[in-house]
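Peer 1:
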Amino acid sequence: MSFPLRKVLKGKLLKIAETQDAVMLYLVERGVDFILHGGTAIWRIYGGKRLSIDIDIYAEKPEEIIKILRDAFRIDRSKVTSTGVAYVRVYGTESIEIDVTPISGNLEKIQGDYRLIDGTTIVVWTLKPEALLLEKATAYTERCKARDLYDVYYLLDICDPHFSAEVARKLLQALCEPRDMEALHELILVGLAPTFSTFKRKVEKYASQEI
Numbered sequence: 001m002s003f004p005l006r007k008v009l010k011g012k013l014l015k016i017a018e019t020q021d022a023v024m025l026y027l028v029e030r031g032v033d034f035i036l037h038g039g040t041a042i043w044r045i046y047g048g049k050r051l052s053i054d055i056d057i058y059a060e061k062p063e064e065i066i067k068i069l070r071d072a073f074r075i076d077r078s079k080v081t082s083t084g085v086a087y088v089r090v091y092g093t094e095s096i097e098i099d100v101t102p103i104s105g106n107l108e109k110i111q112g113d114y115r116l117i118d119g120t121t122i123v124v125w126t127l128k129p130e131a132l133l134l135e136k137a138t139a140y141t142e143r144c145k146a147r148d149l150y151d152v153y154y155l156l157d158i159c160d161p162h163f164s165a166e167v168a169r170k171l172l173q174a175l176c177e178p179r180d181m182e183a184l185h186e187l188i189l190v191g192l193a194p195t196f197s198t199f200k201r202k203v204e205k206y207a208s209q210e211i
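Going by full-length UniProt numbering, the letters in the sequence shown line up with residues 1 to 211, in that order.
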């Protein structure tokens, strides 16, 4: 979206976005090496229309992110799992969850423009749209959530068509209607929330394309 997010966000949603911005700006200013992914990367960097409340990042040492955030934010809950994933609830103008996953394998990171709520941008590391699509397709098949299906719906159009076709063909076999479809409209910033039939048509369209 090319217009400032302040024009479409109100109340609690605006406060959530303000807190996200504060966290991102702070991590960048501190020189923290991280990779933004998940729903927040999709709507802040790639122009998605769905509000994502949590921040998902990859980092070499997730536990260090918690220590750094404590220097600037109030934190009332944090933990590090046996697999090294760190979860932390941060308070700014509103509370948000931050999930920090250890970097494993060869993540292909690229730089992207993260859009702040005032319309300006900062450069951060993120993933290519194709990597985000694969993440979201996997998440959808595992938990069948409307937000994941919407992100897939959006990313199919901006990824390499051949890659989108491959993902759509696999996804079509596991397509199910999420139980939380009715709540999706609360997270769509502009326009209507697509129906499940609309989602299905999009997936079928890409699945039928020749590779």
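Here a beta-carbon is modelled for each residue, glycine too, at the ideal position from N, C-alpha and C.
Which ranges does the beta strand (DSSP E) cover as unbroken runs of at least 3 residues, wholly within the stretch 88-137, from first to last along the chain?
Peer 2: 95-102, 109-115 and 121-127
Peer 1: Distance check for R30 and Y150, CA to CA, integer angstroms please.
Peer 2: 33 Å
Peer 1: For the stretch 82-99 against the stretch 132-150, do three or more pairs of beta-carbon atoms, one drawn from each stretch, fall closer than 8 Å, so that the two count as touching?
Peer 2: no
Peer 1: Measure the alpha-carbon distance for P62 versus E204 and round it to whole angstroms.
Peer 2: 39 Å
Peer 1: Kindly indicate which residue of G48, E60 and P129 has the alpha-carbon position closest to the one of L189.
Peer 2: Comparing alpha carbon positions, the residue from G48, E60 and P129 closest to L189 is G48.
Peer 1: So D160 is in the alpha helix (DSSP H); what residue range does that whole segment cover?
Peer 2: Looking at the DSSP string, D160 is not in any alpha helix (DSSP H), and its letter there is neither H nor E.
Peer 1: A22 and G119 look like a contact to me (Cβ under 8 Å); what is the Cβ gap, rounded to whole Å?
Peer 2: Going by Cβ atoms, the distance from A22 to G119 rounds to 16 Å, so no, they are not a contact pair.
Peer 1: Which residues bound the beta strand (DSSP E) around L36?
Peer 2: Note, L36: beta strand (DSSP E), I35 to H37.
Peer 1: To the nearest whole angstrom, what separates the beta carbons of I57 and I35, a pair I think is in contact under 8 Å?
Peer 2: 6 Å
Peer 1: Give a yes or no on whether the C-beta atoms belonging to A59 and I103 are separated by under 8 Å.
Peer 2: yes
Peer 1: Just to confirm before moving on: does the CB-CB distance between L9 and A17 stay below 8 Å?
Peer 2: yes
Peer 1: Give me the residue from L69, G11 and T101 with the minimum Cα distance to S82.
Peer 2: T101
Peer 1: Does the beta-carbon distance from L156 to A168 come in below 8 Å?
Peer 2: Result yes, Cβ atoms of L156 and A168 sit closer than 8 Å.
Peer 1: Nearest by alpha-carbon distance to R143: which of P178, K200 and Y206 is it?
Peer 2: Looking at the Cα atoms, P178 is the closest of the given residues.
Peer 1: Are there 16 or more other CB atoms within 10 angstroms of the CB of L107, so buried, or fewer, so exposed?
Peer 2: exposed
Peer 1: Considering just the uninterrupted stretch of the beta strand (DSSP E) at D21, what are its terminal residues?
Peer 2: Note, D21: premise wrong, no beta strand (DSSP E); alpha helix (DSSP H) at G11 to E29.
Peer 1: Less than 6 Å between C-beta atoms, sequence neighbours within five positions excluded: which residues of the same chain meet that for V80?
Peer 2: E63 and A86
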